[in-house]
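**Student:** Mind having a look at this structure? Questions to follow.
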Amino acid sequence: MPHFEVVIVGAGPAGSIAAHTLAKNNISCAILERRKSPGFPVCCGEAVSEASLKAAGIFHGSYVDKKIPGFRIFFPNGKYMTVNSPGCLINREKFDRYIFDLAAEKGAKPFLKHRVLSAKRNAGGFEVATDNSNFTCKYLVGADGPESLIDTLFFNNGRKLVDAVQYKLPKTAYKYDSNGYIDFYYDASSSRYMWVFEKSKEINAGGCVADKELLRRFIKKQFGVEESGHAGFCRGKIPAAGIKDKIFDNNVFLVGDAAGLVNPVTLAGIYSALLSGKICAYCIFGEVKLGKANSPGVYEKVINKQPFASPDLKYLASRCFDLPQEVLLFLGEYFDSNDYRHKDFTKFLRLALKYPAVLADIKPLFKLRKLLKSGADKMW
Ligand SMILES: Cc1cc2nc3c(=O)[nH]c(=O)nc-3n(C[C@H](O)[C@H](O)[C@H](O)COP(=O)(O)OP(=O)(O)OC[C@H]3O[C@@H](n4cnc5c(N)ncnc54)[C@H](O)[C@@H]3O)c2cc1C
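The sequence shown begins at 0 in numbering that gives the first Met the number 0 and counts up one residue at a time.
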C-alpha cells in the first residue's frame, strides 16, 4: 500500500494549494480526486477579489477572464449600492487546473478518478480506501467540499447548506449592462441573493434557490426574455453557517468548504479555501520540518483569527438577509448608485422619517459598513 506523509482528499482550490505548499517544502503528499479532471464540471459564479489571490500567492493572468472594479448590491426598487473592491472573473476550470498542475510540478502525487470511500485511524496514522486503491499516511486533510466525507467520518459537525443554481447565458442572446461590475440582487424568491456576473463571452446568472424555475423567473425579470438556450447549467451547495465547530483533531484537518469556511454574508469561498489550505500545510510543515510537535494543533486557532471566521459575519448573516422590505427600499433610495461610504446626513434623516423601520435595523447596517471599510477585499 503506498504511504505518504500527507493524504489530501479533494482537488479543489483548498486541496490543491495545500498539496502545492507541502510539495514545495519537500513533504510527500498524495491528492485524491474523484473526478476525471480537477475543476470540471464548473459550478461557481467565478468571482474572486484580487487581494485574496495575492494573499494566497497565486495571482496569475492565465485563468483571468476579465478584471472588475467591484460589486453592486441591487435593492427591490431597482436602485443599488456600489462596493469598489477590485477583483476578477475567472475561468474556474482553468483556475483549479492551474493550482493542481503547480502542485504536481512541485512533486505532489495526483490520483484522479479516485473516490475516497472510507478512512480510519491505524497505528501509524490513517488508512484511506478509494474505489481504485488504498493509501496510508500520517496526516489526513479533508478538502472534499461542502458534503465532506472526512467531516462525517471524523467530526460529524453536521451541515447547513444553501442550494444554488446557475445558468451560463451566451452574450449573443442576452443583453446586460453591468458597467464592468458584478451584481447581487435582493430578490424575494431567495433566502440569500441572486446574481448576474457578466463575463467576456457569457453571463453567469444564478441564485441561492433550489428550484431552477425561480431562477428562470429572475432571468425573465432581468433580461426581459425567457431563458431559452444556455451554455451550461449547474446545481451546487454552499455551506452557509460559517466555520464548523471542530476542524482539527489529532492530525485530521478540514479545509475550505469541508470546514464550512465560506464567508457567511457574501457566500464566497475561494479565498478562504486557498488560505485555509495554505495554513493547514504550514501547520504540518511546522511539525515535519521544524520538529514543533504542537504545530498541527494550532490550526484551528489560526483559522479562527481569519476575517472569514469572524463572529461578526455570523451575526450579520443572521440579520442582513431578512431585512424588512421598507429597509431595503430605504437603502436603495439612500445610496442611489453611490459607494457604500456615501454620507449625506440630511438625506438619511429625511428617508428615516419616510421609512422609520430602518432605525430598528441600524446596528447590522453600521456593522456591515464597518466590515466593508476595514477590508471589502477580504469579504470575497
Ligand atoms: C453555484 C455556486 C457559485 C459560487 N460562486 C462563487 C464565487 O463566485 N466566488 C467564490 O469565492 N465562491 C463561490 N462559490 C463557492 C466556491 O465554489 C467554494 O467555496 C470553493 O469551491 C471551495 O473550494 P474547496 O476546495 O473547499 O471545495 P471544492 O471546490 O468543492 O472541491 C472539493 C473537491 O473534492 C472532491 N471530492 C469530494 N468528495 C470526494 C471524495 N469522497 N473522494 C475524492 N474526491 C472528492 C470534489 O470532486 C472536488 O473536486 C460558489 C459555489 C456555488 C455552488
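Even for Gly, the Cβ is constructed at its ideal location relative to N, Cα and C. If you're wondering where the values come from, they're calculated on a predicted model, not measured in any experiment.
With distances taken between CB atoms, is the gap from Asp-256 to Gly-268 smaller than 8 Å?
**Tutor:** A contact, by the Cβ cut-off of 8 Å.
**Student:** What are the partner residues of Met-193, as DSSP defines its beta bridges?
**Tutor:** According to DSSP, Met-193 bridges with Tyr-184 and Gly-206.
**Student:** Under the three-state reduction of DSSP, which class applies to Val-297: helix, strand or coil?
**Tutor:** Residue state, collapsed to three classes: helix.
**Student:** Measure the C-alpha to C-alpha separation of Gly-231 and Asn-203 and round it to an integer number of angstroms.
**Tutor:** For Gly-231 and Asn-203, the distance between alpha carbons rounds to 9 Å.
**Student:** What residue ranges within the segment 206–257 form continuous alpha helix (DSSP H) runs of no fewer than 4 residues, ordered along the chain?
**Tutor:** Entirely contained in the segment 206–257, the alpha helix (DSSP H) runs reaching 4 residues are, in chain order, 211–222.
**Student:** What is the rounded straight-line gap between the Cα of Lys-119 and the Cα of Glu-299?
**Tutor:** Approximately 21 Å between the Cα atoms of the pair.
**Student:** In chain order, what residues of the same chain lie with their CB nearer than 6 Å to the CB of Ser-294, ignoring the 5 residues before and after it?
**Tutor:** Excluding sequence neighbours, Ser-294 sits near Cys-282, Gly-285 and Glu-286.
**Student:** Within the same chain, show all residues whose beta-carbon is closer than 8 Å to that of Leu-160, passing over the 5 residues directly before and after it, in chain order.
**Tutor:** Cβ neighbours of Leu-160 beyond the five flanking positions: Pro-145, Glu-146, Lys-236, Ile-237, Pro-238 and Ala-239.
**Student:** When the Cα of Ile-26 is compared with those of Lys-35, Cys-43, Val-6 and Ala-10, which residue comes out closest?
**Tutor:** For the residues Lys-35, Cys-43, Val-6 and Ala-10, the minimum Cα distance to Ile-26 belongs to Val-6.
**Student:** Less than 7 Å between the CB of His-19 and some heavy atom of ligand 1, yes or no?
**Tutor:** Because no heavy atom of ligand 1 lies under 7 Å away, the Cβ of His-19 does not count as near it: no.
**Student:** Alpha carbon to alpha carbon, how far is Ala-122 from Gly-205? Give it in angstroms, no decimals.
**Tutor:** C-alpha separation (whole angstroms): 47 Å.
**Student:** Measure the alpha-carbon distance for Ala-50 versus Lys-23 and round it to whole angstroms.
**Tutor:** Distance between the alpha carbons of Ala-50 and Lys-23: 23 Å.
**Student:** Is it true that the CB of Tyr-184 sits closer than 8 Å to the CB of Phe-73?
**Tutor:** Yes.
**Student:** So the beta strand (DSSP E) Cys-28 belongs to, where does it begin and stop?
**Tutor:** Element bounds for Cys-28: 28–31.
**Student:** Quick one: is Pro-12 buried, meaning 16 or more other Cβ sit within 10 Å of its Cβ, or exposed?
**Tutor:** Per the 10 Å Cβ criterion, buried.
**Student:** Are the Cβ atoms of Val-208 and Val-261 separated by less than 8 Å?
**Tutor:** Going by C-beta atoms, Val-208 is not nearer than 8 Å to Val-261.
**Student:** From what residue to what residue does the alpha helix (DSSP H) around Pro-12 run?
**Tutor:** It spans 12–23 - the alpha helix (DSSP H) in which Pro-12 sits, taken as one unbroken run.
**Student:** What residue from Gly-69, Arg-96, Lys-93 and Asn-76 has the CA that sits closest to Asn-83's CA?
**Tutor:** Ranking the options by Cα distance to Asn-83, first place goes to Gly-69.
**Student:** What's the C-alpha gap between Lys-220 and Asp-335?
**Tutor:** Those two C-alpha atoms are separated by around 20 Å.
**Student:** Could you tell me the boundaries of the beta strand (DSSP E) in which Ser-84 lies?
**Tutor:** Taken as a continuous stretch (DSSP letters only), the beta strand (DSSP E) holding Ser-84 covers 79–89.
**Student:** Mark Ile-361 as exposed unless 16 or more other C-beta atoms lie within 10 angstroms of its C-beta, in which case mark it buried.
**Tutor:** When all chains shown are included, Ile-361 counts as exposed.
**Student:** Taking 7 Å as the cut-off, does the CB of Lys-119 come closer than this to any heavy atom belonging to ligand 1?
**Tutor:** Lys-119 Cβ: outside cutoff for every heavy atom of ligand 1.
**Student:** Which residue comes first and which comes last in the beta strand (DSSP E) that contains Ser-317?
**Tutor:** Element bounds for Ser-317: not the beta strand (DSSP E) but the alpha helix (DSSP H), 310–319.
**Student:** Kindly list the residues whose CB is nearer than 6 Å to the CB of Lys-377, restricted to its own chain and excluding five residues on each side of it in sequence; keep chain order.
**Tutor:** Pro-306, listed in sequence order.
**Student:** Given 7 Å as the limit, tell me if Asp-210 has its C-beta closer than that to any heavy atom belonging to ligand 1.
**Tutor:** No.
**Student:** Apply the 10 Å Cβ neighbour rule to Arg-33 and answer buried if 16 or more other Cβ atoms are within range, or exposed otherwise.
**Tutor:** Burial call: buried.
**Student:** Could you tell me whether any non-hydrogen atom of ligand 1 is closer than 7 Å to the CB of Gln-305?
**Tutor:** No, since every heavy atom of ligand 1 falls outside the 7 Å radius drawn around the Cβ of Gln-305.
**Student:** Could you give the distance in angstroms between the alpha-carbon of Tyr-62 and the alpha-carbon of Leu-350?
**Tutor:** For Tyr-62 and Leu-350, the distance between alpha carbons rounds to 44 Å.
**Student:** What does Thr-135 pair with, by DSSP beta-bridge criteria?
**Tutor:** According to DSSP, which records beta bridges pairwise, Thr-135 is partnered with His-2 and Glu-126.
**Student:** Under the three-state reduction of DSSP, which class applies to Pro-109: helix, strand or coil?
**Tutor:** In this structure, Pro-109 counts as strand in the three-state DSSP scheme.
**Student:** Going by DSSP in three states, Pro-306 sits in which element: helix, strand or coil?
**Tutor:** Pro-306 falls in the helix class under three-state DSSP.
**Student:** Report yes or no: do the segment 244–255 and the segment 263–279 share at least 3 C-beta pairs separated by less than 8 Å?
**Tutor:** Touching, yes.
**Student:** Would you mind working out which of Val-127, Arg-368, Pro-85 and Ala-142 sits nearest Val-254, comparing C-alpha positions?
**Tutor:** Considering only alpha carbons, the answer is Ala-142.
**Student:** Between which two residues does the alpha helix (DSSP H) carrying Val-326 extend?
**Tutor:** Here the alpha helix (DSSP H) through Val-326 covers 324–334.
**Student:** Taking only the alpha-carbon atoms, compute the straight-line gap between Met-385 and Pro-109 and give it to the nearest angstrom.
**Tutor:** An answer regarding residue 385 cannot be provided, because it is not within the stretch 0 to 379 covered by the chain.
**Student:** Does the beta-carbon of Cys-136, which I'm using as the reference point, lie nearer than 7 Å to any heavy atom of ligand 1?
**Tutor:** No, since every heavy atom of ligand 1 falls outside the 7 Å radius drawn around the Cβ of Cys-136.
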